[in-house]
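In my numbering, the protein residues as written are 3 to 184.
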């Protein structure tokens with residue numbers, strides 16, 4: 003099993019011997035006395051776990067592959083505290099992370115955008131079901147608004163077409179979606 007002890011059902015490496023912070027089991031390697039570097043521990047993005055791969059393989063058609071929704075956040079947990087929890091767990095951090103306020107009141111909902119679908123999958127698997135101050139988080143892919151297509155992946159700059167397009171046979175994404183209302 004290696005250093006750190008037992009893994010949970012998803013293989014996340016949470017150990018029973020770790021100290022608790024805000025009702026989260028902290029792996030022994032991530033406890034303050036065991037951290038050597040000053041920066042938060044980040045998981046390498048080289049390979050997906052089985053749970054992450056399964057999540058990506060079964061992604062709903064209306065899901066945005068690099069965006070997540072975090073639901074059931076305790077109202078007293080600040081945005082920075084949730085981001086720090088993600089860092090403490092070694093999860094990738096989103097480049098954009100916003101709490102949802104309705105009429106100036108926090109509604110226990112947050113949205114995160116990641117640079118790669120693999121990062122979003124790792125965050126979903128790592129955070130889903132974690133209990134923070136007595137409330138288990140529900141984390142899932144963000145869905146595209148009804149009546150709109152999910153946006154193309156950010157790394158998509160051109161698409162091959164079999165019909166006549168430009169001389170190179172390439173057609174830009176904006177050309178492909180020119181008749182789509184966003």
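Note that the Cβ used here is the ideal one computed from N, Cα and C, for glycine as well. Predicted, not measured: the structure shown is a model, and the values here were computed from it.
{"Check": "Beta-carbon within less than 8 angstroms of residue 78's beta-carbon, same chain only, minus the 5 sequence neighbours each way: which residues are those?", "Outcome": "135"}
{"Check": "What does the Cβ neighbour count give for residue 119, buried or exposed, with the cut at 16 atoms within 10 Å?", "Outcome": "buried"}
{"Check": "DSSP three-state label for residue 53, please.", "Outcome": "helix"}
{"Check": "When you measure from the CB of residue 64 to every non-hydrogen atom of the ligand SAH, does any distance come out below 6 angstroms?", "Outcome": "As for the ligand SAH, it is missing from this structure, which has no ligand bound."}
{"Check": "I need the DSSP call for residue 112, collapsed to helix, strand or coil.", "Outcome": "strand"}
{"Check": "Can you tell me whether residue 70 is helix, strand or coil according to DSSP?", "Outcome": "strand"}
{"Check": "Let's test the definition: count the other Cβ atoms within 10 Å of the Cβ of residue 60 and tell me whether it reaches 16, buried, or not, exposed.", "Outcome": "exposed"}
{"Check": "Secondary structure at residue 146, three-state DSSP: helix, strand or coil?", "Outcome": "coil"}
{"Check": "Would you list the residues sitting across from residue 99 in a DSSP beta bridge?", "Outcome": "114"}
{"Check": "Using 10 angstroms around the beta-carbon of residue 74, count the other beta-carbons present and answer buried if the total reaches 16, otherwise exposed.", "Outcome": "exposed"}
{"Check": "Okay, do the segment 97 to 104 and the segment 135 to 151 touch, 3+ Cβ pairs below 8 angstroms being the bar?", "Outcome": "no"}
{"Check": "Which residues bound the alpha helix (DSSP H) around residue 128?", "Outcome": "119 to 129"}
{"Check": "Candidates 81, 130, 95, 93: which alpha carbon is nearest residue 108's?", "Outcome": "81"}
{"Check": "With DSSP collapsed to three states, give me the class of residue 135.", "Outcome": "coil"}
{"Check": "How would you call residue 96, buried or exposed, if buried means at least 16 neighbouring beta carbons within 10 angstroms?", "Outcome": "buried"}
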